[in-house]
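Asker: Take a look at this one; I'll ask things after.
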Amino acid sequence: QSDEVLTVIKAKAQWPAWQPLNVRAAPSAEFSVDRHRHLMSFLTMLGPSPDWNVGLSAEDLCTKDCGWVQKVVQDLIPWDAGTDSGVTYESPNKPTVPQEKIRPLTSLDHPQSPFYDPEGGSIKLVARVVIERIARKGEQCNIVPDNVDDIVADLAPEEKEEDDTPETCIYSNWSPWSACSSSTCEKGKRMRQRMLKAQLDLSVPCPDTQDFQPCMGPGCSDEDGSTCMMSDWITWSPCSVSCGMGTRSRERYVKQFPEDGSMCKVPTEETEKCIVNEECSPSSCLVTEWGEWDECSASCGTGMKRRHRMIKMTPADGSMCKAETTEAEKCMMPECHTIPCLLSPWSEWSDCSVTCGKGMRTRQRMLKSAAELGDCNEELEQAEKCMLPECPIDCELTEWSQWSECNTSCGKGHMIRTRMIKIEPQFGGTACPETVQRTKCRVRKCLRGPGMEKRRWKEAREKRRSEQAKKNLDSEQYPVCRLKPWTAWTECSTLCGGGIQERYMMVKKRSKSTQFTSCKDKKELRACNVHPC
Numbered sequence: 129q130s131d132e133v134l135t136v137i138k139a140k141a142q143w144p145a146w147q148p149l150n151v152r153a154a155p156s157a158e159f160s161v162d163r164h165r166h167l168m169s170f171l172t173m174l175g176p177s178p179d180w181n182v183g184l185s186a187e188d189l190c191t192k193d194c195g196w197v198q199k200v201v202q203d204l205i206p207w208d209a210g211t212d213s214g215v216t217y218e219s220p221n222k223p224t225v226p227q228e229k230i231r232p233l234t235s236l237d238h239p240q241s242p243f244y245d246p247e248g249g250s251i252k253l254v255a256r257v258v259i260e261r262i263a264r265k266g267e268q269c270n271i272v273p274d275n276v277d278d279i280v281a282d283l284a285p286e287e288k289e290e291d292d293t294p295e296t297c298i299y300s301n302w303s304p305w306s307a308c309s310s311s312t313c314e315k316g317k318r319m320r321q322r323m324l325k326a327q328l329d330l331s332v333p334c335p336d337t338q339d340f341q342p343c344m345g346p347g348c349s350d351e352d353g354s355t356c357m358m359s360d361w362i363t364w365s366p367c368s369v370s371c372g373m374g375t376r377s378r379e380r381y382v383k384q385f386p387e388d389g390s391m392c393k394v395p396t397e398e399t400e401k402c403i404v405n406e407e408c409s410p411s412s413c414l415v416t417e418w419g420e421w422d423e424c425s426a427s428c429g430t431g432m433k434r435r436h437r438m439i440k441m442t443p444a445d446g447s448m449c450k451a452e453t454t455e456a457e458k459c460m461m462p463e464c465h466t467i468p469c470l471l472s473p474w475s476e477w478s479d480c481s482v483t484c485g486k487g488m489r490t491r492q493r494m495l496k497s498a499a500e501l502g503d504c505n506e507e508l509e510q511a512e513k514c515m516l517p518e519c520p521i522d523c524e525l526t527e528w529s530q531w532s533e534c535n536t537s538c539g540k541g542h543m544i545r546t547r548m549i550k551i552e553p554q555f556g557g558t559a560c561p562e563t564v565q566r567t568k569c570r571v572r573k574c575l576r577g578p579g580m581e582k583r584r585w586k587e588a589r590e591k592r593r594s595e596q597a598k599k600n601l602d603s604e605q606y607p608v609c610r611l612k613p614w615t616a617w618t619e620c621s622t623l624c625g626g627g628i629q630e631r632y633m634m635v636k637k638r639s640k641s642t643q644f645t646s647c648k649d650k651k652e653l654r655a656c657n658v659h660p661c
């Protein structure tokens, strides 16, 4: 409803979200941009899921030199909307109260998460969005260039029937026709391009690399100016059955109704039969429909292409699934020519240039043939943006406060000092150390009456005598029970939240007599790392 929005993008949902892309067609939609509104944002949920989604925010489709971006390919990681605390795709509803800020999911969020990695590696990329320019309507960011009609004003309306390209000029294949410059039923032009790869004889000129053709907007024709302007067909729906013969459908919508006010008679829905899992016996597998064909493995000549499907359910009788999940067939590409510009396939994308946050990644290809006949102007390296989970944020603390006063007015006591947490650790950052420290303190001796002092001195003397007598008795009873010194304390059993340390005193020499049963190993315990996690 905002005046700042030029186009609201709507596309069919993908369900379930975890089904791989190679077994279904990706949904698509068209949208417009202009010089004032050239930022593109979108958000799509992953379903079923708690509140996970993928998207882009304010992707600028205007270039620095006031042109339009030709193509953007962006791999996406999942985000959490902060409204539900589920940890798996099909977790029951568990509203987050209070709601949290939207954040990217990480590989350490929860052990049951489908993205969990105990080593804390990069989270899986779950989606890819491709934004591609299909037509230019004559308007750029802040300048208005000649439109397509002006460019082709002097072009003869009749098209050339024959290809008069000299044999000494070697071109790439023609690109697909662009969208028509007219989006209505008024006449416009469309264009296609090819690249001059080699000019074997410089004395023979090579024809133009652009070709123009008159056209009208989608759904229009010269014979009937009152026809509806229709969108392209949207991807076929899944088959209506999972076993046997069913139906599938696809839709399109009316982009512009006739100016004379008449109704559109063009069909907006198409249905056809489909067959999935022809055998429906207990020993047969249930599989998905075949996905789209991959690109041909060869750029010229004969190659192979493949398509895939998934096993949805293994046979009910427990037998092995014999259904094929990959299908291959030959594909023919244009005839291969020995030309200077023969390129290898693109390499895999490099790792992201950063270990967290936003970065760049690249891919390369090589010139496979020598370029004796001229320079090769093909692009040999491409770069695109990439995004990894947020960088870890370590815990930050204030400085220690001053020591408090001793908690007693005389004798032995203790005093403490504290510090506050300024920034909580996030995204796997360093945990916070202790925030409270305690130390002993001693104030002047407490004053007592003379009778009390004399009594305490007498009790201490009797205690020393008693301990000495006990020691003498022990040496008489256990003349051969000797113990080793205490061992060092073991490491704490936990890093925070309260753990245990142990130390031992082992018997060095034990009497062989069975009556001396008190000569045993000793063990002590103490608390450690009591600060909260």
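To convert, note that position 185 of the sequence shown is 313 in this note's numbering; the numbers rise steadily by one, no gaps.
For each residue, glycine too, the CB sits at the ideal point set by N, CA and C.
In whole angstroms, what is the alpha-carbon distance linking Ser662 and Glu518?
Answerer: With the chain covering 129 to 661 only, the question about residue 662 has no answer from this structure.
Asker: Indicate the three-state DSSP secondary structure (helix, strand or coil) for Ser156 in the structure shown.
Answerer: For Ser156, the secondary structure class from DSSP, reduced to helix, strand or coil, is coil.
Asker: Can you tell me whether Asn405 is buried or exposed? The criterion is at least 16 other CB atoms within 10 Å of its CB, across all chains shown.
Answerer: buried
Asker: Are Glu630 and Lys651 touching if we call contact CB-CB under 9 Å?
Answerer: yes
Asker: Which value, in whole angstroms, describes the spacing of the CA atoms of His238 and Tyr244?
Answerer: 6 Å
Asker: Rounded to whole angstroms, what is the Cα-Cα separation between Val254 and Val182?
Answerer: 8 Å
Asker: Here's a check: name, in chain order, each residue in its chain whose Cβ is nearer than 7 Å to the Cβ of Ser160, leaving out the five neighbours to either side.
Answerer: Leu134 and Thr135
Asker: What number of angstroms, rounded off, separates the C-alpha of Ile205 from the C-alpha of Trp617?
Answerer: 46 Å
Asker: Quick check on DSSP: helix, strand or coil for Lys663?
Answerer: The chain is shown only over 129 to 661; residue 663 falls outside these bounds and no answer can be derived.
Asker: Looking at Arg593: is its Cβ nearer than 9 Å to the Cβ of Val564?
Answerer: no
Asker: May I have the straight-line CA-CA distance separating Gln198 from Asp422, to the nearest angstrom?
Answerer: Rounded to whole angstroms, the gap between the alpha carbons of Gln198 and Asp422 is 23 Å.
Asker: Let me know the secondary structure DSSP gives Ser663 once reduced to three states.
Answerer: Shown here, the chain extends from 129 to 661; a query on residue 663 therefore has no answer.
Asker: In angstroms, rounded to a whole number, what distance separates the CA positions of Ala157 and His164?
Answerer: 21 Å
Asker: Does Glu552 come out as helix, strand or coil in the three-state DSSP assignment?
Answerer: coil
Asker: When the Cβ atoms of the region 532-547 are set against those of the region 556-574, are three or more pairs found closer than 8 Å?
Answerer: Touching, yes.
Asker: Could you check if Glu132 is buried or exposed, using at least 16 other CB atoms within 10 Å of its CB as the buried criterion?
Answerer: exposed
Asker: When you compare the CB positions of Gln341 and Arg256, do they come within less than 9 Å of one another, or not?
Answerer: no
Asker: From the DSSP output, read off the bridge partner residues of Leu611.
Answerer: Val635
Asker: In this structure, what does DSSP give as the bridge partners for Ile362?
Answerer: None; Ile362 has no bridge partner.
Asker: How would you call Ile137, buried or exposed, if buried means at least 16 neighbouring beta carbons within 10 angstroms?
Answerer: exposed
Asker: Just to confirm before moving on: does the CB-CB distance between Arg380 and Met344 stay below 9 Å?
Answerer: In this structure, the beta-carbon distance from Arg380 to Met344 does not fall below 9 Å.
Asker: For Arg493 and Gly374, I'd like the C-alpha separation in whole angstroms.
Answerer: 45 Å
Asker: Sort out for me which residues DSSP pairs Lys222 with in a bridge.
Answerer: According to DSSP, Lys222 bridges with nothing at all.
Asker: Can you list, in chain order, the residues of its chain with a C-beta nearer than 6 Å to that of Thr558? Leave out the 5 residues immediately preceding and following it.
Answerer: Asp522 and Cys523
Asker: Determine whether the beta carbon atoms of Thr490 and Glu512 lie at a separation below 9 Å.
Answerer: yes
Asker: What is the rounded straight-line gap between the Cα of Trp196 and the Cα of Ile262?
Answerer: 11 Å
Asker: Of the choices Met168, Gly485 and Met323, whose alpha-carbon is the least far from that of Ser303?
Answerer: Of the candidates Met168, Gly485 and Met323, the residue whose Cα lies closest to the Cα of Ser303 is Met323.
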